[in-house]
Amino acid sequence: MPVTERAPESVTVQRDIPFHEAGGETLTLDLYDATAASGPKPVAVLVRGGAFTSGDKGEFARHALDLAADGFLVIEPQYRLAPEWTFPAALIDVKAAIEWARTEGESYGADTDRVVGIGHSAGANLVVLAALTADEPGFEPELYPGSSSALSVVVGYAGVYDFHALDTATDVPAGEGHRAYLGGGPDGEPAAYDLASPVAQVDIDAPPTLLLHGTHDDVVPPAQSELLADALGPMTDVVHETVPSDHGFPFHGAHYDDVYERTVEFIRRIGTDSPGTDGPGGTGEDTGLPDSNLPGSTDRIDDLGSGDIRGSDRRNGPGF
28 MPVTERAPES VTVQRDIPFH EAGGETLTLD LYDATAASGP KPVAVLVRGG
78 AFTSGDKGEF ARHALDLAAD GFLVIEPQYR LAPEWTFPAA LIDVKAAIEW
128 ARTEGESYGA DTDRVVGIGH SAGANLVVLA ALTADEPGFE PELYPGSSSA
178 LSVVVGYAGV YDFHALDTAT DVPAGEGHRA YLGGGPDGEP AAYDLASPVA
228 QVDIDAPPTL LLHGTHDDVV PPAQSELLAD ALGPMTDVVH ETVPSDHGFP
278 FHGAHYDDVY ERTVEFIRRI GTDSPGTDGP GGTGEDTGLP DSNLPGSTDR
328 IDDLGSGDIR GSDRRNGPGF
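For the sequence shown, my numbering begins at 28 and goes up steadily by one.
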C-alpha cells in the first residue's frame, strides 16, 4: 500500500504508488503535492541517474519537495536496471510514469497537458529520449493505451546523449556501465547504440530543452551536452549552460539553489502547451505555470557559465 506522509512546506508525499507491471516486477513512484497550491498543476517527472545499473527513487527528493511547493505535481519513478534488463526497458518504464501522470493525474489536480521531464545523468538520457520518441509504438508500455508519453519541456543535468561518442571518450570494460544496459559494445549492438542515443533521434518534434553540465565532470564528458545542443539547435529552443562543478552538481549545496532557479525559470519562460500544438507556449509574460518568488538572473551565482542559446540525491558515486 502507498505510504502518505507530511513533508516540510506543507507538501504531502505519497510513496510507493504502483504504476507499472513489467517482467514480473511491480514498479512504484513517489508523488509530491502541495495540497494548498491552486490547480491545475503542471506535472514534473524526475528521473535519477545510476549508470542504468544502480540506485532507486528518492535521490531527487529535495528537488521534488521544492517543485511541489512551487506548484508542481511531482513524481519520481523507479525503472528497471541493467544487466538484468537491457534497453529499452528503462525507457519504457519512464514512459509508463509519464503516461500514469496523464491517466491518474487529474485526480490530484494536475494539468495533464503540461508534463515536464527532469533527469540527471542516465536519467537525463531517459527523459530526453522519452520526449524524442514520444508515442512510438516500439517504445511504449502496454498499460496506458491512448495516453501520450510526450513531454512539453525537458531538462537534462550531466546527461548521456551519444553512446558512440561516450565509448570513444571513456574506457568502459565490456559488460559494465552503459554496455550492460545496451547489451554489449557498438560492434555487437549497433542498433541499440543508435536508438538509445538522443542525438540520433532528434527531429522537429523535439520539445524546448535546457541542458546543464559540470565543467569538471569526470564521469560523463561535458561534450555530451554540447553534442545534443548542436543537434537540437535547428529543431527547437535549446539552452546549454555549464556549471563549474563535477558530475553531482545538481545536488551540491553550493550550486543547488542556482541550478533549481535556472530550471524553473526556463520552464516558466517557455511555458508548456499540450502535445501536438504548434510551438512552445509562452513568451515570458503568461506561461500558465506556477508563480513563484524565484530571484532574477542577477541573483544567480556569478561563476555559472553565461550559457549558449540556440534554436527557434546523485552525488559523487561511481557511474552516471
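A virtual CB, placed ideally from N, CA and C, is assigned to each residue, including glycine.
Member of the options whose CA lies at the smallest distance from the CA of residue i
{"i": "leucine 56", "options": "Leu193, Ala256 and Ala123", "result": "Ala123"}
{"i": "arginine 75", "options": "Pro69, Leu193 and His90", "result": "His90"}
{"i": "tyrosine 171", "options": "Pro67, Asp43 and His47", "result": "His47"}
{"i": "serine 37", "options": "Val291, Asp60, Gly50 and Asp43", "result": "Asp60"}
{"i": "glycine 50", "options": "Ala233, Gly210, Asp214 and Tyr106", "result": "Tyr106"}
{"i": "leucine 178", "options": "Arg141, His267 and His240", "result": "Arg141"}
{"i": "histidine 147", "options": "Phe278, Pro217 and Thr80", "result": "Phe278"}
{"i": "valine 72", "options": "Ala78, Phe87 and Phe79", "result": "Phe87"}
{"i": "alanine 109", "options": "Leu94, Asp83 and Ala128", "result": "Asp83"}
{"i": "valine 289", "options": "Thr80, Thr269, Gly275 and His274", "result": "The question names valine, yet the displayed sequence has arginine at residue 289. Out of Thr80, Thr269, Gly275 and His274, Thr269 has the C-alpha closest to the C-alpha of arginine 289."}
Close beta carbons around residue i, own chain, < 6 Å, minus the five adjacent residues each side
{"i": "threonine 236", "result": "Val181, Leu259 and Val265"}
{"i": "glycine 186", "result": "Ala151 and Asn152"}
{"i": "proline 248", "result": "Ala196"}
Rounded straight-line distance, which links the Cα of residue j to that of residue i
{"i": "leucine 100", "j": "serine 174", "result": "18 Å"}
{"i": "glutamate 126", "j": "aspartate 120", "result": "10 Å"}
{"i": "valine 246", "j": "histidine 191", "result": "15 Å"}
{"i": "serine 333", "j": "threonine 160", "result": "Low confidence applies here, because serine 333 scores a pLDDT of 35, under 50, leaving its location unreliable; read the following figure in that light. Distance between the alpha carbons of serine 333 and threonine 160 is about 30 Å."}
{"i": "serine 252", "j": "threonine 130", "result": "32 Å"}
{"i": "valine 231", "j": "tryptophan 112", "result": "Here the sequence assigns isoleucine to residue 231, which means valine is not the residue at that position. Roughly 30 Å between the two C-alpha positions."}
{"i": "glutamine 228", "j": "glycine 241", "result": "24 Å"}
{"i": "proline 225", "j": "alanine 196", "result": "17 Å"}
{"i": "tyrosine 208", "j": "valine 70", "result": "28 Å"}
{"i": "aspartate 189", "j": "leucine 254", "result": "8 Å"}
{"i": "isoleucine 102", "j": "leucine 58", "result": "5 Å"}
Cut-off 7 Å between Cβ atoms - residues of its own chain near residue i, not counting five sequence neighbours on either side
{"i": "leucine 118", "result": "Leu153, Leu156, Ala157 and Phe166"}
{"i": "proline 67", "result": "Gly136, Ala137 and Asp138"}
{"i": "glutamate 163", "result": "none"}
Buried versus exposed call for residue i [16 or more other C-beta atoms within 10 Å across all chains shown]
{"i": "valine 40", "result": "buried"}
{"i": "histidine 243", "result": "exposed"}
{"i": "serine 134", "result": "exposed"}
{"i": "proline 261", "result": "exposed"}
{"i": "alanine 219", "result": "buried"}
{"i": "serine 348", "result": "A query on residue 348 cannot be resolved here, the shown segment of the chain reaching from 28 to 347 and no further."}
{"i": "glycine 308", "result": "Confidence in glycine 308 is poor, its pLDDT being 38 and thus under 50, which makes the residue's placement unreliable; the coordinate value appears in the next sentence. With 16 or more Cβ atoms within 10 Å of its Cβ, glycine 308 is classed as buried."}
{"i": "threonine 263", "result": "buried"}
{"i": "aspartate 214", "result": "exposed"}
Neighbour flag for residue i against chain D, beta carbons, 9 Å
{"i": "glycine 150", "result": "Of the protein chains in this structure there is only one, and it is not chain D."}
message: Give the list of continuous beta strand (DSSP E) stretches no shorter than 3 residues that lie fully inside the region 220–290.
response: List check, beta strand (DSSP E) in window: 236–241 and 265–270.
- prompt: Curious, which full-length beta strand (DSSP E) runs of at least 3 residues does the region 43–129 contain?
  reply: Listed in chain order, they are 52–61, 68–74 and 100–104.
- request: Within the region 123–189, note down every full beta strand (DSSP E) run reaching 3 residues or more, in order along the chain.
  value: If you keep only unbroken beta strand (DSSP E) runs of at least 3 residues inside the region 123–189, you get 137–147 and 180–184.
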